[in-house]
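Number of protein chains: 2
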Amino acid sequence: MPVDEGSTRWLEPEEMHAWLSFIAGSALLESALDRQLQRESGMPHAYYQILAMLSDAPRRTLRMSDLAAATQSSQSRLSHAVSKLEGYGWVHRSQCPDDRRGTLATLTEQGMAVLREAAPGHVRAVREHLFDLLTREQVAQLTDIWQTVLAGMRDRDGVVATTRTVLGEAAG
Amino acid sequence: MPVDEGSTRWLEPEEMHAWLSFIAGSALLESALDRQLQRESGMPHAYYQILAMLSDAPRRTLRMSDLAAATQSSQSRLSHAVSKLEGYGWVHRSQCPDDRRGTLATLTEQGMAVLREAAPGHVRAVREHLFDLLTREQVAQLTDIWQTVLAGMRDRDGVVATTRTVLGEAAG
DNA sequence: CTCCAATAGTTGAACGTTCAAGCTCCACCG
DNA sequence: CGGTGGAGCTTGAACGTTCAACTATTGGAG
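One line per chain: the protein sequences are A and B, in this order. The opening position of the first sequence corresponds to residue 0 in numbering that gives the first Met the number 0, with each subsequent residue numbered one higher. The opening position of the second sequence corresponds to residue 0 in numbering that gives the first Met the number 0, with each subsequent residue numbered one higher.
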């Protein structure tokens, strides 16, 4: 229940325009990517990200909590997702040696193969809908903007969001 | 099923960094907004957007298809959502006079009241997580980037995405 | 005028996510 | 060393979205 009344700093026209542009653009972009992946590889973008992060990790293995942080998903969401991926045979769960509460998720050979199949189409879509439309400068600006937002999150919520390193071309 | 092999233009390091930053930042931002709205006003961000768009329309009324375009949602998604909102008494459906296939959605007084209650907290969250962290210049860059993306979508898919005008301070 | 493709909207089932609860195990304090 | 708070993960139900039908209506083309 909002308390405010009177003291609200509404968005200024330029901010409102920026906000509507971002909301609209990013929603359409995300749904385009989701549809492309669903159509050509039978998985949502979120699952692709899980596979991609795993593919880039040492031994293609990550602890559930690290994988959750790397994909910006809740533990619950990740747990459900990995169950599904495990059902497909794309990911394998095992017990964490040093911490018996822990679970390790490993990308299987089959999962790797699926990812390799999916990657080119996905990258093409990302290019087509985003990077091929932007200048080098805009790419740099995009990075700065979202790094700033991420830094803000970290300051607020205490350290989270361990945006993993490169991930390279997911299917190297 | 991807065809490619060999000819894929992978993302360059700067693009990869931009991509991961954007994906992570926007996901965390969106989920922060969703949680704030759910907690303080009992509705997801998508529903807020529907109410906001209606509040800004003449007679607080929009045709379903226009409302769908304005909120970047599929007709199906909107139809389900409006059913829910109608159940709460926040939106009212009526038949379109000029086109008997059409349906009009109108924001009720009660819906307007709920939106007015929700708006300050939502705007505060948007500021806190985004605009208060960015410079004026970055706000302008953000706008340009996403307008470019939207233009790309329109070129590709043929005209869609009628990003409505201002929407003002949703609760004027 | 009659057809017929296209447009507008809805519906139900399948899917993925959130939320709250629960379980196991670790860590640390006394 | 027993106890307790918290971390790590999972589960099931509720929720919102997608997908694929399906109905009803419109706007031409012949």
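Glycine included, every Cβ here is placed at the ideal spot set by N, Cα and C.
Assuming residue i contacts residue j (C-beta within less than 8 Å), just tell me the rounded distance between them.
{"i": "Ile-144(B)", "j": "Leu-133(A)", "result": "6 Å"}
{"i": "Gln-74(A)", "j": "Met-63(A)", "result": "7 Å"}
{"i": "Leu-32(A)", "j": "His-44(A)", "result": "5 Å"}
{"i": "Ser-20(B)", "j": "Leu-149(A)", "result": "7 Å"}
{"i": "Arg-192(A)", "j": "Arg-8(B)", "result": "Absent from the structure is residue 192(A), since the part of chain A shown begins at 0 and ends at 171."}
I need the DSSP call for residue i, collapsed to helix, strand or coil.
{"i": "Gln-74(B)", "result": "helix"}
{"i": "Ser-6(B)", "result": "coil"}
{"i": "Val-159(A)", "result": "Caution applies to Val-159(A), whose pLDDT of 40 falls short of 50 and renders its modelled position unreliable; the model cannot decide the point."}
{"i": "Thr-134(A)", "result": "coil"}
{"i": "Ala-56(A)", "result": "coil"}
{"i": "Thr-147(A)", "result": "helix"}
{"i": "Thr-142(B)", "result": "helix"}
{"i": "Arg-62(A)", "result": "strand"}
{"i": "Leu-129(B)", "result": "coil"}
{"i": "Arg-99(B)", "result": "coil"}
{"i": "Leu-166(A)", "result": "Caution applies to Leu-166(A), whose pLDDT of 34 falls short of 50 and renders its modelled position unreliable; the value that the coordinates give is listed next. Coil."}
{"i": "Glu-13(B)", "result": "helix"}
{"i": "Leu-36(B)", "result": "helix"}
{"i": "Met-0(A)", "result": "Summary for Met-0(A): the model assigns pLDDT 49, below 50, so the residue's position carries little reliability, and this model does not support an answer."}
For residue i, which residues of its own chain have a beta-carbon under 7 Å away from its beta-carbon, when the five flanking residues on both sides are left out?
{"i": "Gln-146(A)", "result": "none"}
{"i": "Gly-88(B)", "result": "Thr-107 and Gln-109"}
{"i": "Leu-10(A)", "result": "Trp-18"}
{"i": "Gly-5(B)", "result": "none"}
With a Cβ-Cβ cutoff of 9 Å, do residue i and residue j count as a contact?
{"i": "Glu-13(B)", "j": "Arg-123(A)", "result": "no"}
{"i": "Ala-17(A)", "j": "Tyr-46(A)", "result": "no"}
{"i": "His-121(A)", "j": "Ser-40(A)", "result": "yes"}
{"i": "Leu-36(A)", "j": "Ala-117(A)", "result": "yes"}
{"i": "Gln-137(A)", "j": "Ile-22(B)", "result": "no"}
{"i": "Gln-94(A)", "j": "Thr-102(A)", "result": "yes"}
{"i": "Met-15(A)", "j": "Ser-54(A)", "result": "no"}
Please return the same chain residues whose Cβ sits closer than 8 Å to the Cβ of residue i, not counting the five positions on each side in sequence.
{"i": "Asp-156(A)", "result": "none"}
{"i": "Ser-78(A)", "result": "Met-63"}
{"i": "Glu-29(A)", "result": "His-44"}
Could you name the residues of the same chain whose beta carbon sits closer than 6 Å to that of residue i, not counting the 5 residues immediately before and after it, in chain order?
{"i": "Arg-153(A)", "result": "none"}
{"i": "Leu-84(B)", "result": "Val-90"}
{"i": "Arg-38(A)", "result": "none"}
{"i": "Thr-60(A)", "result": "Leu-103 and Thr-105"}
{"i": "Arg-58(B)", "result": "none"}
{"i": "Met-0(A)", "result": "Note that Met-0(A) scores 49 on pLDDT, short of 50, meaning its location in the model is unreliable and no value can be drawn from it."}
{"i": "Gly-151(B)", "result": "none"}
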